[in-house]
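Undergrad: Numbering-wise (the numbering used here), the sequence shown opens with residue 4 and increments by one. Cβ atoms here follow ideal geometry from the backbone N, Cα and C, with glycine treated the same way. Here it is: the structure, laid out below.
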Amino acid sequence: VVLQCVMATTVTAFESGHEDMIHDVQADYYGKRLATCSSDRMIRLFSIEGEGQRKLLAELKGHDGPVWQVAWAHPKFDSLLASCGYDRKVIVWKEVNPDEWVSIYEYCNHESSVNSIAWAPHDCGLMLACASSDGCVSVITHQQNDTWEPQKFHAHNMGCNAVSWAPSTSPGSILTSGQGGAHLVRKFASGGCDNVVKIWTYNESEKVWRNEDTIGDGHTDWVRDVAWAPSIGLPSNTIASCSQDRTVIIWTQEEAKGSWSRAAILPKFPAVVWRVSWSITGNVLAVSSGDNKVSLWKETHDGEWKVLDNISPVA
């Protein structure tokens, strides 16, 4: 299988070595390594520094079915990679020596495929959210005694497809931090087969996750992915969601704990929209659709979303 990578405005392709469809590709924090996962049950790690041939660094074997997603932890927690798959497993891998990886934790408490995983912002600690087709979300937290504590709860009827964490600082904190207004936020969004996006927040006093809000009245089919935009200090939250209904919707919340509203809906795509992802500055949205194309979108000064670029497969 040939892997296509988009680095800034450069598109490169190289042979991945996978024997079946690739489902996810993630660069590490420094942009020096690439993790890929596939229906061939394998995870492969590549060096992507410099020009020329991409070097295979390691091959991780631990799943018993297709591997849907991989996620790198922040480097403050050493070199960790999480993976999830059709076999109901979530595996946390650690690099114990250069390019030598071992499984340090396996979570098998879901009753169906685990479709999506995401590490919390590093300020929140080592915390992994997992979304499953059994309709539940699990949040697995690393403890000081080097154990992992999972909290599992029902999230979506018929199944949960995606999770995405909110920034660890509340909206507008750059404006209020000097007045003691900044505080740590533990919150994430999930998307499911009930066609809605839900917001979950951690209740510190009860030590449980609560459904803070449900964002409906938008999609008419399964929500395939959600992406919470990075914070740039503005007093608002932004989430992008995409769906089986071939739409991408931009949702905004003007103030903390305020109501969410539909700020924009992108022109309908020709195929199912599988993934959405924000740039690190939160002003460019990448959209991946079922016609094998990636499009980059940006909001204009008058609030209209325009295509910056369309990226098609390398011939």
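By the 10 Å Cβ neighbour count, where 16 or more other Cβ atoms means buried, how is Tyr32 classified, buried or exposed?
TA: Burial is judged here by how many other beta carbons sit within 10 angstroms of a residue's own beta carbon; Tyr32 has fewer than 16 and is exposed.
Undergrad: If I measure Cβ to Cβ from Asp197 and keep anything under 7 Å in the same chain, skipping five residues before and after, which residues do I get?
TA: His159, Asn160, Met161
Undergrad: Based on the DSSP output, what are the partners of Ser234 in its beta bridges?
TA: In DSSP, Ser234 forms no bridge with anything.
Undergrad: Return helix, strand or coil for Asp312, following the three-state DSSP convention.
TA: strand
Undergrad: How long is the line joining the alpha carbons of Val211 and Ala132, rounded to whole angstroms?
TA: 14 Å
Undergrad: Taking the beta carbon of Gly195 as the centre, do at least 16 other beta carbons fall within 10 Å, making it buried, or is it exposed?
TA: buried
Undergrad: Should His26 go down as buried or exposed, given a rule of 16 or more other Cβ atoms within 10 Å for buried?
TA: Looking at its Cβ environment, which holds 16 or more other Cβ atoms inside 10 Å, His26 is buried.
Undergrad: Whole beta strand (DSSP E) runs in the stretch 149 to 209 with 3 or more residues, listed along the chain?
TA: 151 to 157, 163 to 168, 190 to 195, 200 to 206
Undergrad: Beta strand (DSSP E) containing Glu103: first to last residue?
TA: 103 to 110 is the extent of the beta strand (DSSP E) around Glu103.
Undergrad: Alpha carbon to alpha carbon, how far is Ala230 from Trp168? Give it in angstroms, no decimals.
TA: Trp168 and Ala230 have their C-alpha atoms roughly 8 Å apart.
Undergrad: Buried or exposed, going by whether 16 or more other CB atoms sit within 10 Å of the CB of His21?
TA: Classification of His21: buried, given that the 10 Å Cβ count is 16 or more.
Undergrad: Use the C-beta contact count for Leu187: other C-beta atoms within 10 angstroms, 16 or more gives buried, fewer gives exposed.
TA: exposed
Undergrad: Return helix, strand or coil for His145, following the three-state DSSP convention.
TA: strand
Undergrad: Can you tell me whether Phe80 is helix, strand or coil according to DSSP?
TA: helix
Undergrad: Since Val95 sits in a beta bridge, which residues does DSSP pair it with?
TA: Ala85, Tyr108
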